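A short write-up of the structure that comes next.
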Amino acid sequence: GILLSVYDITGTAYGYTNYDKFYTYSSSDYKSMYVSNTAAIPSVDNPYVQGSTLKSNNQIRFTFAAAVEPSVPENLVATTQDYESIALTWDAAENAKSYNIYQNGEKIDNVTGTYYLATGLSELTDYNFTITSVNGSKESAHSNTATATTTEAPTPATPTNLTATLISDNTIYLKWDAVENAKSYNIYFGETLFGVSETAESYCLNLDANTAYKFTVTAVIASKESDRSNEVNATSVSADAQEITLGEVR
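Heads up, the numbering used here is the position in the sequence shown plus 32, with the first residue counted as 1.
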């Protein structure tokens, strides 16, 4: 619907010392507007009516123009950036206030410019894009379809300087040097995947008491996994133990 506020900025229509507010709201294209005895201070966000001629038996009619349908965007181009992102560019469309971005037929975003970077994509995958122009409630037909294929993800470097610290009888803290562009790290106990971490550290909780653990980590980018890091061992202890054993397996 439409909400429009109009004020008599002389403040004298009803003898008020502030401002008299006139208002209406309607879902139609126009509506008769009647005076309201509600006094209110105007703001910069609202339109104003000059003078004190508005009376309670007056009506003001406003006609609101319908939004113009925007033209169809042209020359959409999709350019592969890497294994997880594709850049889109297109020509500005007449009467467009913004643009809807469609990926494989599904709307994924709305932007005001003529550039968009689609991210979080899968490697070695074809993606089809179209865009539409938007002006208010009006949306254009779809642009040409632009297709691009993401590249293969690189194999990450091997994590280094893995250390293990026993911080309680059943908790071991692992830390290693971060790998550039790694999305996550796999933590292995022997040959078994023990857990996954998104940072270059991890707390291994609820371990069995008096048990020797050997840990390695790998870096992961998409489907690619690095070689194993250096191996470290740590032996959990019972709650009343006086000594702990830490070390690196060489």
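Using N, Cα and C, we set each Cβ at its ideal position, and we do this for glycine too. Treat the numbers as computed from the prediction; the structure is a model and nothing was measured.
**Item:** CA nearest to the CA of G152, picked from N176, S165, S117
**Value:** S117
**Request:** With a threshold of 16 other CB atoms inside 10 Å of the CB of A180, please say whether the residue is buried or exposed.
**Result:** Under this definition A180 is a buried residue.
**Message:** Which of the three DSSP states is assigned to E223 in this structure?
**Reply:** coil
**Message:** With distance defined between alpha-carbon atoms, name the residue in S268, N167, Y159 nearest to T111.
**Reply:** Y159
**Asked** First and last residue of the beta strand (DSSP E) that includes D123?
**Response** 118-123
**Request:** Pick helix, strand or coil for L198, following the three-state DSSP scheme.
**Result:** strand
**Request:** For T267, name the three-state secondary structure that DSSP assigns.
**Result:** Three-state result, T267: strand.
**Message:** Excluding the 5 residues flanking A210 on each side, which residues of the same chain have their C-beta closer than 6 Å to its C-beta?
**Reply:** Answer for A210: A232, listed in chain order.
**Request:** Determine the closest residue to S99 out of E138, F161, N167, with distance taken between C-alpha atoms.
**Result:** Residue identity check: residue 99 is Ala in the sequence provided, not Ser. For A99, the nearest C-alpha among the options comes from N167.
**Prompt:** Applying the criterion that 16 or more other CB atoms from any shown protein chain within 10 Å of the CB defines a buried residue, is Y235 buried or exposed?
**Reply:** exposed
**Request:** List the whole-angstrom C-beta distance separating A251 from Y205, where the pair is believed to meet the contact cut-off of C-beta under 8 Å.
**Result:** Y205 and A251 do not touch by the CB rule: their CB atoms are close to 19 Å apart, not below 8 Å.
**Message:** Quick check: the Cα distance between A214 and K256, rounded to an integer number of angstroms?
**Reply:** 10 Å
**Request:** May I ask which residues mark the beginning and end of the beta strand (DSSP E) holding T190?
**Result:** Careful: T190 lies outside any beta strand (DSSP E) and carries neither H nor E.
**Message:** Please list the terminal residues of the continuous beta strand (DSSP E) segment that includes Y115.
**Reply:** From DSSP, Y115 is part of no beta strand (DSSP E); its letter is neither H nor E.
**Message:** Applying the 10 Å Cβ sphere with the 16-neighbour rule, what's the burial state of A244?
**Reply:** exposed
**Prompt:** If you follow the beta strand (DSSP E) that D141 is part of, which residue opens it and which one closes it?
**Reply:** 138-143
**Item:** Per DSSP, the bridge partner or partners of V249
**Value:** Answer is I219, bridged to V249.
**Message:** What does the alpha-carbon distance come out to for the pair A128 and F247?
**Reply:** 57 Å
**Asked** By the 10 Å Cβ neighbour count, where 16 or more other Cβ atoms means buried, how is S261 classified, buried or exposed?
**Response** buried
**Item:** Rounded separation between S154 and A254 - CA only
**Value:** 8 Å
**Item:** Residue environment, S165, which counts as buried when at least 16 other CB atoms sit within 10 Å
**Value:** buried
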